[in-house]
């Protein structure tokens, strides 16, 4: 109970800070719209490649871009932690009786909620461009949930790196090192049918791909059983990352 | 003006046996992974209601000691306790009882002054109606009421520092840690903060204050420990420490730095000279402690002249914490 209460209190602090950054909010809305429009236009003709397995690229792309937004957005979560470290805010929080885990959980919740809303927006724009939500409203919610879970996991990882490295350059380098390979070993932009064998195998163990396949299954209203398995895997992955980040406080404390 | 008891220990706390120390550090050691020894065995104790000062130059280990005692850092040796609770094993109990004002501030720039205070209060589980009253009270007390609704990034340095101190007091802690509270402040803000510290102390709050300003320690601390390179080199009341160095100090700057040893030997044998010191950092300096400066200065200068040791500069001073520091460490105190 105390953990949830502290998480909520600390989450509200982050929300208030976000609400005071109108430029950040505008860009967070504009960016996913641009991505759907740009990738949609650029790759429009790839669906004509024999074996791609989809007829409309926007239909194929929308869940992928929702996950991509989650991945790229949540990767920066650790930067906020670094600002808190530099300003002494983190030490101040650590010197209160608040549960250590709630400091991390608040950031995961913040990232999760942000990408949840962004994912909904992306699906909305894609539908304006002709995509069809075959899975209905629950399918759209599943896309948003997949994005949230991945966002929370990536945010946790980013925060762990921030606590361990305590340097902006390192956080940026590590997250860039992870993000692009994770993107290209997934079916975000390209159908799994057309991937080389080794990329397919990498995709199978890539949480980003779990999120994309789960989101796409939800959007298309297919494979409900596998979808639940993937969501469970994502939730477990987010939990492991969250525990890793919370554990990083121990290292932080010894290094202080 | 709101009464000073706002900072007194909370009424819900059971009265404690008077023999429990507010803060106790026992042989604290901290070696960082790079091999840097920040603390090499630091012991001191602070009684309830006392203002205790840790005085030392930057890098002496004061902040490390505070971080360990406020549960933010783990010692690599020794132990610390706050009102009998171990800072490692009973960290949560310690956190409930302490307020911290760290050197690196801790004000959330994106939040308003009021929000910063409320966040602290909520995390310390102060019920909402009481918290509202407490925050209003602190905003008034620290002259922040008018700026309460503005984001803290718009605050001046002095205002941020005052907010910092207020944040450390929201939950009525029993011990307040102030790590270099006036560093970087203009003289006026410093005077305001000194007044604040004195008022908190008179309200019965236990305070541990670190500073690299000799004058600050002298003015505010009931007792102090001088920290140098991870060790405590002197401990006592400011007056007691100075009283040990009775008499006056003659500071000499020699023309030839190579003749310091010779000068010290010569001066050590003069009547009225109670002690002679070299400065480990500046070879051309010699310090002589004398019983009566006005009487002994001509003797000292005359002896040097007869020996042909040229003097480029001379100063006669009453003993200060500066001398206590020099006496204890062998090098002159440098504040920056």
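Chains as they are written, first to last, in my numbering: chain A, 18 to 273; chain B, 141 to 476. Every residue gets a Cβ at the ideal spot worked out from N, C-alpha and C, and that includes glycine.
List the endpoints of the continuous beta strand (DSSP E) containing residue i.
| i | result |
| --- | --- |
| residue 393 (chain B) | 388 to 394 |
| residue 414 (chain B) | 413 to 418 |
| residue 366 (chain B) | 363 to 368 |
| residue 192 (chain B) | 191 to 195 |
| residue 166 (chain B) | 163 to 171 |
Determine the burial state of residue i: buried for a count of at least 16 other Cβ atoms within 10 Å of its Cβ, exposed for fewer.
| i | result |
| --- | --- |
| residue 335 (chain B) | exposed |
| residue 164 (chain B) | buried |
| residue 384 (chain B) | exposed |
| residue 358 (chain B) | buried |
| residue 238 (chain B) | buried |
| residue 255 (chain B) | buried |
| residue 220 (chain A) | buried |
| residue 205 (chain A) | buried |
| residue 151 (chain A) | exposed |
| residue 121 (chain A) | buried |
| residue 42 (chain A) | exposed |
| residue 20 (chain A) | exposed |
| residue 173 (chain A) | buried |
| residue 159 (chain B) | exposed |
| residue 194 (chain A) | exposed |
| residue 326 (chain B) | exposed |
| residue 30 (chain A) | buried |
| residue 260 (chain B) | buried |
| residue 320 (chain B) | buried |
Please list, in chain order, all residues of the same chain as residue i whose beta carbon is under 6 Å from its beta carbon, the five residues on each side excluded.
| i | result |
| --- | --- |
| residue 473 (chain B) | 462, 465 |
| residue 136 (chain A) | 83, 160, 161, 164 |
| residue 117 (chain A) | 263, 266 |
| residue 87 (chain A) | 132, 164, 167, 168 |
| residue 166 (chain B) | 183, 218, 219 |
| residue 81 (chain A) | 205, 229 |
| residue 170 (chain A) | 254, 255, 258 |
| residue 408 (chain B) | 416 |
What is the residue span of the alpha helix (DSSP H) that residue i lies within?
| i | result |
| --- | --- |
| residue 178 (chain B) | Per DSSP, residue 178 (chain B) belongs to no alpha helix (DSSP H); it is in the beta strand (DSSP E), 177 to 186. |
| residue 469 (chain B) | 461 to 469 |
| residue 400 (chain B) | 400 to 408 |
| residue 74 (chain A) | 74 to 91 |
| residue 424 (chain B) | Where residue 424 (chain B) is concerned, there is no enclosing alpha helix (DSSP H), given that its DSSP letter is neither H nor E. |
| residue 447 (chain B) | 433 to 447 |
| residue 238 (chain A) | Per DSSP, residue 238 (chain A) belongs to no alpha helix (DSSP H) and is neither H nor E. |
| residue 34 (chain A) | 19 to 36 |
| residue 456 (chain B) | That residue, residue 456 (chain B), is in no alpha helix (DSSP H); its beta strand (DSSP E) goes 451 to 457. |
| residue 70 (chain A) | Neither: residue 70 (chain A) is in no alpha helix (DSSP H) and is coded neither H nor E. |
Counting only C-beta atoms, is residue i closer than 8 Å to chain A at any point?
| i | result |
| --- | --- |
| residue 250 (chain B) | yes |
| residue 391 (chain B) | no |
| residue 264 (chain B) | yes |
| residue 207 (chain B) | yes |
| residue 414 (chain B) | no |
| residue 255 (chain B) | yes |
| residue 211 (chain B) | yes |
| residue 247 (chain B) | yes |
| residue 179 (chain B) | no |
| residue 236 (chain B) | yes |
I want to see whether chain B comes within less than 8 Å of residue i, judged by CB atoms only; does it?
| i | result |
| --- | --- |
| residue 109 (chain A) | yes |
| residue 95 (chain A) | no |
| residue 104 (chain A) | yes |
| residue 255 (chain A) | no |
| residue 42 (chain A) | no |
| residue 18 (chain A) | no |
| residue 26 (chain A) | yes |
| residue 114 (chain A) | yes |
| residue 34 (chain A) | yes |
| residue 30 (chain A) | yes |
| residue 23 (chain A) | yes |
So is the beta-carbon of residue i under 7 Å away from any non-hydrogen atom of the ligand MN?
| i | result |
| --- | --- |
| residue 180 (chain B) | Annotation note on the ligand MN: not contained in the displayed structure, which lists no ligands. |
Who are the Cβ neighbours of residue i in its own chain at under 8 Å, not counting the five residues just before and after it?
| i | result |
| --- | --- |
| residue 402 (chain B) | 447, 449 |
What does a CB cutoff of less than 7 Å around residue i pick up in its chain, not counting 5 residues either side in sequence?
| i | result |
| --- | --- |
| residue 324 (chain B) | 297 |
| residue 237 (chain A) | 151, 152 |
| residue 82 (chain B) | In the structure displayed, chain B extends from 141 to 476; residue 82 (chain B) sits before or after that span and is not available. |
| residue 141 (chain A) | none |
Compare the C-beta of residue i against all C-beta atoms of chain E and say whether one is closer than 8 Å.
| i | result |
| --- | --- |
| residue 273 (chain A) | Of the chains in the structure shown, none is chain E; the protein chains are A and B. |
Original post:
Fully enclosed by the region 145 to 191 of chain A, which beta strand (DSSP E) runs are 3 residues long or longer?
Top reply: DSSP assignment within the region 145 to 191 of chain A yields no whole beta strand (DSSP E) run of 3 residues or more.
Subject >> Length at least 4, wholly inside the region 297 to 376 of chain B: the alpha helix (DSSP H) runs in chain order >> reply: Runs of alpha helix (DSSP H) with 4 or more residues, each lying fully within the region 297 to 376 of chain B, are found at 297 to 309, 327 to 342, 354 to 360, listed in chain order.
Original post:
What residue ranges within the region 221 to 309 of chain B form continuous alpha helix (DSSP H) runs of no fewer than 4 residues, ordered along the chain?
Top reply: With a minimum length of 4 residues, the continuous alpha helix (DSSP H) runs that stay inside the region 221 to 309 of chain B are 231 to 237, 253 to 263, 268 to 281, 297 to 309.
Original post:
Which runs of the alpha helix (DSSP H), 4 residues or longer, sit entirely within the region 85 to 143 of chain A?
Top reply: Qualifying alpha helix (DSSP H) stretches, in chain order: 94 to 104, 106 to 111.
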